[in-house]
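S.K.: Chains as they are written, first to last, in the working numbering: chain A, 47 to 329; chain B, 2 to 248.
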C-alpha cells in the first residue's frame, strides 16, 4: 500500500512527507567483514563502517582498489552475509537480495543467452507483471537508454557502452528504490564513460532514486554525487564524507573553479590511501 | 550442397578404391566383399524389412538410454556444482568410475536385467551419464557469481537461479558432454547387441557374420556408421542453434 502511494507521489514530482526525508533510508552501523580466500590467510576487508544514506540521495563510495568499497555495496545488496554490525533499509534489516535494491555491476552481468529485451523482461517476469505491461515497461526502458532497434541483439553483439545501458535498463525497469552501482563505468573507454555519466544524470533526474555509486575515479565521484564517502585502504573504513553538490544541469560546471578545487581536495584525501594500498600490495 | 559434395569427396574416392581393389583381385573378396555387392545386399535387407525393424529396436534403446543419461547426468553435475555436500558424496564416485571402460558393464547389466531392452538402456544410462555429469559440473561451476546475484536481486529465489542462471551458464560445456555421450551410446549399444541380444543392428551384424553373409554384414556395419554420423551432424546443428547467442 505504502509502496503504491510513494510511486504515485514520485510520479507526480511532489515532495514526500518530511518524516520520510529526515529519517535515513539506509543505515549501516559498525559493519565489519572478513574476506576468506579459498587458500591463504583471511583478510579484514571492512572494519567498523557506519554510514547513513538519505532518501533519493546520490552518494559515492570513493577509495583505492581493494579498500572494500564493493564489499560494502554487496553487503547492502544482501549478497554477502553480515558478520558484524547491522544494515537496515527503511528500518528493516537486510537479510537477502531483493528488488527494492537494484544493482549494476562493472562487467554488466547480462544474461548472455538472452536478448536485450529478454534481459530487461527478466525482472518484470519475476515480479509477476501481466504480459502486456511487462512488454510496455521493457520497451519504455530500452528506449530510455537509447537502445531502440537493438531489442533482439544478444549481449555478445553489443559494445561495452551498450551492454551497460542494457544493464541499467534492466535494473531500472524493476523500479528499485535504491540503485547500487559497482564501478559501472570502470570497464568502458574514457569517451564512452564520459557520455554514460551525462546519461546517468539525465536518467536519474527523470527517475529519482537513492544511488550508492562505487568508484575509484575522483572526478566521476564529484561530478555525480551529492556526497562522497572517502574510504581508507584495507581494512576499509569511512575516513570522511565530503559534500559535493553542484548544479549538474550546467554543462560548464566541470570547468568551474569550485569544481576543480573540490576534485583536488578529494584527490589529496584519496592519494594517501592509494599509496597505502600500493604498499599493502607489494608486501 | 556443392560445398558438402567437395568436402566429402574423399569418401567417394574411398568407395571407388574399395570397388576397384576387390574387382582387380588386389584384395580378396573373402576379406572384403565388393562395394556393389554390399549395396545390393543392403537393398535386399531394406526390402525385407529386417534392417528397419532392427534399426528401430536399436534406436529406441539408444534414444531412451541417452535421454535418461542426459537427465540424470545433468542433474548430478549441476547439483554437484551448486551444493558442496553433493559434490563430497558424488565427486569421488564420478572420478573413480569415469576412466572405467564402460563395455565392462555389459555382462553386469545382463545379469541384472536380462537379454532385452532393459539391460541395454541401463548400460547406456550408466555408460553415457558421466561425460554429461562432467560437462554439467564444469559448466555450472564456471557460472558467474554476478549473474546469480543479478537474478537474485531481480526477485529470483535461490532454487530459481539454478534453472534460470546455472543451467544456461553450463550449456556450452554440457552440450559438449552430451556430444561425447552420443558417440559413446552407439559404441555401447552395438557392442552390447553383438554380445547378447535377440534383435538390433549389433545383433544383425553378429548374426550375418556367423552365417557368412559378409556382404550383408558389411551393409549393416555401414548403416551403423552412417547413423552415427547423421546423429552427430544433427546434434551439432541443433547445438549450434541453441548456442547462437555466443557468436
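For glycine and all other residues, C-beta sits at the position ideal for the given N, C-alpha and C.
#1: Check whether the segment 289-298 of chain A and the segment 263-273 of chain A touch, using three or more Cβ-Cβ pairs below 8 Å as the test.
#2: Is there a Cβ of chain B sitting closer than 7 Å to that of residue 205(A), yes or no?
#3: Whose C-beta lies closer than 7 Å to the C-beta of residue 157(B) among residues of the same chain, with five residues either side of it excluded?
#4: Under 7 Å between C-beta atoms, does residue 159(A) make it to chain B?
#5: Applying the criterion that 16 or more other CB atoms from any shown protein chain within 10 Å of the CB defines a buried residue, is residue 107(B) buried or exposed?
#6: Does DSSP classify residue 306(A) as helix, strand or coil?
#7: Nearest-angstrom Cα distance between residue 144(A) and residue 153(B)?
#8: Identify the contact partners of residue 148(B) in chain A, using a Cβ-Cβ distance below 7 Å as the criterion.
#9: Roughly how many angstroms lie between the CA atoms of residue 225(A) and residue 121(B), to the nearest whole one?
#10: How far does the alpha helix (DSSP H) with residue 211(B) in it extend, from its first residue to its last?
#11: Any idea what DSSP makes of residue 124(A), helix, strand or coil?
#12: Taking the C-alpha atoms as reference points, what is the distance between residue 192(B) and residue 185(B)?
#13: For the alpha helix (DSSP H) holding residue 20(B), just list the boundary residues, first then last.
#14: Using CA coordinates, which residue listed in 140(A), 319(A), 100(A) and 315(A) is at the minimum distance from residue 118(A)?
#15: By Cβ distance below 7 Å, which residues in the same chain neighbour residue 264(A) in space, the five residues on each side in sequence not counted?
#16: Relative to the alpha-carbon of residue 78(A), which residue among 303(A), 280(A), 320(A) and 307(A) has its alpha-carbon at the smallest distance?
#17: Could you give the DSSP three-state label for residue 197(B): helix, strand or coil?
#18: Can you tell me whether residue 234(A) is helix, strand or coil according to DSSP?
#19: For residue 22(B), collect the residues of the same chain with a Cβ closer than 6 Å to its Cβ; drop the 5 residues on either side in sequence, then sort them by chain order.
#20: Candidates 201(A), 222(A) and 104(A): which alpha carbon is nearest residue 248(B)'s?
#21: List the endpoints of the continuous alpha helix (DSSP H) containing residue 216(B).
#22: Suppose contacts are defined by Cβ-Cβ distances below 7 Å. Is residue 126(B) in contact with residue 66(B) by that definition?
#23: Where do the ends of the alpha helix (DSSP H) carrying residue 66(B) lie?
#24: Decide yes or no for the touch test of the segment 217-228 of chain B against the segment 194-209 of chain B: beta carbon pairs closer than 8 Å, at least 3 of them.
#25: Counting along the chain, where does the beta strand (DSSP E) carrying residue 81(A) start and finish?
#26: I'd like to know whether the C-beta atoms of residue 74(B) and residue 133(B) end up nearer to each other than 7 Å.
#27: Any contact of the segment 160-172 of chain A with the segment 110-130 of chain A, i.e. 3+ C-beta pairs under 8 Å?
#28: Pull out every residue of the segment 170-190 of chain A whose Cβ sits closer than 7 Å to any Cβ of chain B, in chain order.
#29: Residue 151(A) CB to nearest chain B CB: under 7 Å?
#30: Would you identify the three-state DSSP class for residue 259(A), choosing helix, strand or coil?
#31: Please report how far the alpha carbon of residue 183(B) lies from the alpha carbon of residue 239(B), in whole angstroms.
#32: Going along chain A in order, which residues have a C-beta closer than 8 Å to the C-beta of residue 156(B)?
#33: So, under 8 Å CB-CB, residue 200(B) and residue 55(B) are touching, yes? Tell me the CB distance rounded to an integer number of Å.
M.R.: The answer reads as follows:
#1: yes
#2: By one-based count along the first chain, residue 205(A) stands at place 159. Output row for residue 205(A): interface = no.
#3: On the second chain, residue 157(B) is found 156 positions in, with the first residue counted as 1. So the qualifying residues of the chain are 165.
#4: For the purposes of this step, residue 159(A) is identified with residue 113 of the first chain, where counting begins at 1. Output row for residue 159(A): interface = yes.
#5: Here residue 107(B) refers to the residue found at position 106 when the second chain is read from its first residue. Buried.
#6: Residue numbering aside, residue 306(A) sits at position 260 when the first chain is read from its first letter. Residue state, collapsed to three classes: helix.
#7: Reading the first chain from its first residue, position 98 is the one you call residue 144(A). Reading the second chain from its first residue, position 152 is the one you call residue 153(B). Those two C-alpha atoms are separated by around 7 Å.
#8: For the purposes of this step, residue 148(B) is taken as the residue at position 147 of the second chain. Chain A residues near residue 148(B): 155 and 157.
#9: Walking along the first chain from the start, residue 225(A) turns up at place 179. Walking along the second chain from the start, residue 121(B) turns up at place 120. If you take the alpha carbons of residue 225(A) and residue 121(B), they lie about 56 Å apart.
#10: The residue labelled residue 211(B) in the question sits at position 210 within the second chain. Element bounds for residue 211(B): 202-211.
#11: For the purposes of this step, residue 124(A) is identified with residue 78 of the first chain, where counting begins at 1. Coil at residue 124(A), not helix or strand.
#12: Within the second chain, residue 192(B) is the residue found at index 191, counting from 1. Within the second chain, residue 185(B) is the residue found at index 184, counting from 1. Approximately 11 Å, taken between the alpha carbons.
#13: For the purposes of this step, residue 20(B) is taken as the residue at position 19 of the second chain. Here the alpha helix (DSSP H) through residue 20(B) covers 10-24.
#14: As a working mapping, residue 118(A) is identified with position 72 in the first chain. Cα-wise, what sits closest to residue 118(A) is 140(A).
#15: Sequence index remark: in the first chain, residue 264(A) carries index 218 (1-based). Closer than 7 Å at the Cβ level, and outside the excluded window around residue 264(A), lie 108, 309, 312, 313 and 316.
#16: In the first chain, counting from the first residue as 1, residue 78(A) sits at position 32. Closest option to residue 78(A), Cα to Cα, is 280(A).
#17: As a first step, residue 197(B) is located in the second chain; it is residue number 196 there, counting from the start. Correct three-state label for residue 197(B): coil.
#18: Taking the first residue of the first chain as position 1, residue 234(A) is located at position 188. Residue state, collapsed to three classes: coil.
#19: To locate residue 22(B), count along the second chain from 1; it is residue 21. Around residue 22(B): 28.
#20: Indexing the second chain from 1 puts residue 248(B) at position 247. Nearest of 201(A), 222(A) and 104(A) to residue 248(B), Cα basis: 201(A).
#21: Mapped onto the second chain, residue 216(B) falls at position 215. Note, residue 216(B): alpha helix (DSSP H), 215-243.
#22: Taking the second chain and counting its residues from 1, the one referred to as residue 126(B) is at position 125. Taking the second chain and counting its residues from 1, the one referred to as residue 66(B) is at position 65. Yes, they are a contact pair.
#23: Position 65 of the second chain, counted from the start, is the residue given in the question as residue 66(B). Where residue 66(B) is concerned, the enclosing alpha helix (DSSP H) stretches over 51-83.
#24: yes
#25: Taking the first residue of the first chain as position 1, residue 81(A) is located at position 35. Here the beta strand (DSSP E) through residue 81(A) covers 72-81.
#26: On the second chain, residue 74(B) is found 73 positions in, with the first residue counted as 1. On the second chain, residue 133(B) is found 132 positions in, with the first residue counted as 1. A contact, by the Cβ cut-off of 7 Å.
#27: no
#28: 172 and 173
#29: Indexing the first chain from 1 puts residue 151(A) at position 105. True, the Cβ-Cβ gap to chain B drops below 7 Å.
#30: Within the first chain, the letter at position 213 stands for residue 259(A). Residue 259(A) falls in the strand class under three-state DSSP.
#31: On the second chain, position 182 is the one that residue 183(B) refers to. On the second chain, position 238 is the one that residue 239(B) refers to. Their Cα atoms are separated by approximately 13 Å.
#32: Counting from 1 along the second chain, the entry for residue 156(B) is found at position 155. Simply 144, 145, 169, 172, 173 and 220.
#33: Translated into the one-based positions of the second chain, residue 200(B) becomes position 199. Translated into the one-based positions of the second chain, residue 55(B) becomes position 54. Indeed, because the Cβ distance is near 6 Å, the residues count as touching under 8 Å.
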